[in-house]
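Working notes for the structure below.
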Amino acid sequence: SDLQHIRNFSIIAHIDHGKSTLADRFIQHCGGLASREMAEQVLDSMDIERERGITIKAQSVTLDYTARDGQVYQLNFIDTPGHVDFSYEVSRSLSACEGALLVVDAGQGVEAQSVANCYTAIEQGLEVLPILNKMDLPQADPDKVKLEIEEIIGIDASDACPVSAKTGLGIEDALEYLVEKIPPPEGDREAPLQALIIDSWFDNYLGVVSLVRVKQGVLRKRDKFIIKSTGKSHQVDSIGIFTPKRLETGLLQAGEVGFVVAGIKDIQGAPVGDTLVSAQHLDVPALPGFKRVKPQVYAGIFTISSDDYEDFRDALAKLTLNDASLFYEPETSDALGFGFRCGFLGMLHMEIIQERLEREYDLDLITTAPTVIYEVLKKNGELVQVDNPSSLPDVGDIEEMREPIARCSILVPQDYLGNVITLCVEKRGVQKDMQFLGAQVSLTYDIPMAEVVLDFFDRLKSVSRGYASLDYGFERFEAAKLSRLDVLINGDRVDALAIIVHHDQVQYRGRALTEKMKELIPRQMFDVAIQAAIGGKVVARQTVKALRKNVTAKCYGGDVSRKRKLLEKQKAGKKRMKQVGNVEIPQSAFLAVLKVD
Ligand code: GTP
Numbered sequence: 002s003d004l005q006h007i008r009n010f011s012i013i014a015h016i017d018h019g020k021s022t023l024a025d026r027f028i029q030h031c032g033g034l035a036s037r038e039m040a041e042q043v044l045d046s047m048d049i050e051r052e053r054g055i056t057i058k059a060q061s062v063t064l065d066y067t068a069r070d071g072q073v074y075q076l077n078f079i080d081t082p083g084h085v086d087f088s089y090e091v092s093r094s095l096s097a098c099e100g101a102l103l104v105v106d107a108g109q110g111v112e113a114q115s116v117a118n119c120y121t122a123i124e125q126g127l128e129v130l131p132i133l134n135k136m137d138l139p140q141a142d143p144d145k146v147k148l149e150i151e152e153i154i155g156i157d158a159s160d161a162c163p164v165s166a167k168t169g170l171g172i173e174d175a176l177e178y179l180v181e182k183i184p185p186p187e188g189d190r191e192a193p194l195q196a197l198i199i200d201s202w203f204d205n206y207l208g209v210v211s212l213v214r215v216k217q218g219v220l221r222k223r224d225k226f227i228i229k230s231t232g233k234s235h236q237v238d239s240i241g242i243f244t245p246k247r248l249e250t251g252l253l254q255a256g257e258v259g260f261v262v263a264g265i266k267d268i269q270g271a272p273v274g275d276t277l278v279s280a281q282h283l284d285v286p287a288l289p290g291f292k293r294v295k296p297q298v299y300a301g302i303f304t305i306s307s308d309d310y311e312d313f314r315d316a317l318a319k320l321t322l323n324d325a326s327l328f329y330e331p332e333t334s335d336a337l338g339f340g341f342r343c344g345f346l347g348m349l350h351m352e353i354i355q356e357r358l359e360r361e362y363d364l365d366l367i368t369t370a371p372t373v374i375y376e377v378l379k380k381n382g383e384l385v386q387v388d389n390p391s392s393l394p395d396v397g398d399i400e401e402m403r404e405p406i407a408r409c410s411i412l413v414p415q416d417y418l419g420n421v422i423t424l425c426v427e428k429r430g431v432q433k434d435m436q437f438l439g440a441q442v443s444l445t446y447d448i449p450m451a452e453v454v455l456d457f458f459d460r461l462k463s464v465s466r467g468y469a470s471l472d473y474g475f476e477r478f479e480a481a482k483l484s485r486l487d488v489l490i491n492g493d494r495v496d497a498l499a500i501i502v503h504h505d506q507v508q509y510r511g512r513a514l515t516e517k518m519k520e521l522i523p524r525q526m527f528d529v530a531i532q533a534a535i536g537g538k539v540v541a542r543q544t545v546k547a548l549r550k551n552v553t554a555k556c557y558g559g560d561v562s563r564k565r566k567l568l569e570k571q572k573a574g575k576k577r578m579k580q581v582g583n584v585e586i587p588q589s590a591f592l593a594v595l596k597v598d
């Protein structure tokens, strides 16, 4: 299409405000898919995404929209994830767009995540258009929400477009609105090629597929191009758009967004944020890329059976082909054997990866307690980063421990302000700002990342009856009084159970952890002592009493099938157990630290 008839846009929305549903409506309206082909939510292609209803990977769809004036517009919609764990993907998607629709649930109102993403869009120079969704609900209050958009985000909401993605109300108005308000892309099609890689993923049949935005020039099938950072030359095998099905068009021109396949075998060969230039015009400069994302949460993952180690390694290698934010390196634990230390964007990311490993690669895994990354200044002046409590230097060698601090933006209705402040204080938060905006309060707190990533979000939701929302990002490292809390099982230190805790919390965390583990470790044929200790000093102790009888004893002489059932049940339970010394420890005990509060 000519530039005047292209609109590139994203949808910014807090999770559950209806982004995917609205996108589906657009696709349906523009005839991208016959309705029988519409799986419930076509954009979320991974099974887990569909089940959890969370958009993880950025995706794009190109639609032909015939406007009321009879003109046909090419709409390129770039999907963005809504969950705070994946917010880095948002700025990436936005960089391919001239505009963004801000979808706000007209019953719920503005939430922190949308505010943060909106600012990113505004900073990137995008036109942000408010859309009020879920107008079919009786609690929809468009006037109140418009006011909130103006007060909290600070953009004009007077012509916000009311829609219901569910019933289809206002969908065409929304399309007209975006065609009118979002500026067309700019870019000289006669100039030499310059294109930005927005996303790359691995496809079993095609190899690496990249989603690109052509900034200037034209990229055609069989053209030779160079990837700026690697200097490597490739030839376009296939090029086109998603409708959302892959459709070859033979070329992509300045202003357009689509896919390129060029026989690249490894995702590192087409890095996200990199620039493609023509092999004839190597001097064309690289476009500004994206900030690299750093994992915030680390955990060890081990196979229950050591026979699965090789499969596990292969599975991780495959997963990283599609998820550049997943980090891993080999780790050896005395208790758990050979495994990998993995870095995740947040707890949700960790859960999703573990689930995919188990489901798609059929592995039985044990995950250790997640931790954040600490900075340790050693007495010899060396500064090291520690992502594993068991690799913390000796206490005697440590000059200073520093923990990561997250800057948290919280939006909460006034009624729950007290609860939320209490929670922030409990989590060692320091207030940075507080503003009353209509019925909501915008709070800014600096809170240790360790407290934020574990259960802060869940707690925030529960103390505010689901109304408070959160956005956070790494701010800085700060000196803190921290120690490693070791867990000893029958006198042996279990490296995989160690956690790093703040001095003020030692007693209480030690007690809570041992109590929780006592509940979780099944009774064995002997007493099991669980101790929590700091540098050899025991701070808490619990005992799991020995079993008195054989579990199946009570079935002797009885029904055989009942006995078999009982044994099978034990076996199933065993799947998620790991033998540590002579004690069997279930997965849940490794994560017990998450359950204490
Ligand atoms: P993520 O993709 O996970 O970020 O969430 P999302 O913002 O895309 O939300 P999604 O489209 O999955 O919608 C969330 C829920 O709201 C679903 O149960 C939808 O059926 C429902 N929903 C979406 N739009 C409307 C609407 O206009 N009216 C009503 N009543 N429900 C809606």
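According to full-length UniProt numbering, the residues represented by the sequence shown are 2 to 598, in order.
Idealized CB from N, CA, C, for every residue including glycine.
For D472, the closest of E520, Q441 and S410 by C-alpha to C-alpha distance is S410. When the beta-carbon positions are compared, P193 and G218 come within less than 7 Å of each other. Cβ neighbours of H18 within its own chain (closer than 8 Å, five residues either side excluded): G83, V104, V105, D106, Q109, E112, S115, N134 and K135.
Put simply, the backbone Cα of V464 is about 45 Å away from that of N381. K433 and K319 have their C-alpha atoms roughly 42 Å apart.
Taking the C-beta atoms as reference points, E99 is found nearer than 7 Å to P186.
Counting of Cβ neighbours within 10 angstroms places T168 among the exposed residues, the total staying below 16. The distance from the Cβ of K147 to that of A166 is about 18 Å, inconsistent with a contact at the 8 Å cut-off. Relative to the ligand GTP, the nearest heavy atom lies less than 6 Å away from the CB of S21.
H15 counts as buried, since at least 16 other C-beta atoms from the protein chains shown sit within 10 angstroms of its C-beta. With a cut-off of 8 Å on Cβ pairs, the region 529-542 is in contact with the region 481-490, counting three or more such pairs. Counting the other CB atoms within 10 Å of its CB gives K246 a total below 16, which places it among the exposed residues. Closest in alpha carbon position to T368, among E356, I374 and Y206, is E356. Q588 is the residue among Q588, A541 and D224 whose C-alpha sits nearest the C-alpha of L337. In the DSSP assignment, Y310 is bridged to no other residue. At a cut-off of 6 Å, the beta-carbon of H30 does not count as near the ligand GTP: no heavy atom of the ligand is closer than that. Distances from the alpha-carbon of A407 to those of H503, K428, Q75 and L212 put K428 closest. A Cβ-Cβ separation of about 10 Å leaves L102 out of contact with L176 under the 8 Å criterion. Using a Cβ distance threshold of 7 Å, G301 and E332 count as a contacting pair.
In the structure shown, S589 adopts helical secondary structure according to DSSP, grouped into three states. Across the structure, R542 and A530 are spaced so that their CA atoms are roughly 7 Å apart. Where I531 is concerned, the enclosing beta strand (DSSP E) starts and stops at V529 to I535. Contact between F478 and P405 holds, since their C-beta atoms are separated by about 6 Å, short of 8 Å. Remark: C-beta atoms of A590 and M526 do not approach each other more closely than 7 Å. Distance from S211 to F260 at the Cβ level is roughly 7 Å; contact confirmed, criterion being Cβ atoms closer than 8 Å.
Going by C-alpha positions, D275 is about 39 Å away from Q436.
For the 7 Å CB-CB criterion, I154 and F203 do not form a contact. Non-local C-beta neighbours of V396 in its own chain, meaning closer than 7 Å and more than five positions away in sequence, comprise G536, ordered along the chain. The continuous beta strand (DSSP E) containing G344 extends over residues G338 to F345. One Cα belongs to Q5, the other to Q72, and the distance between them is close to 11 Å.
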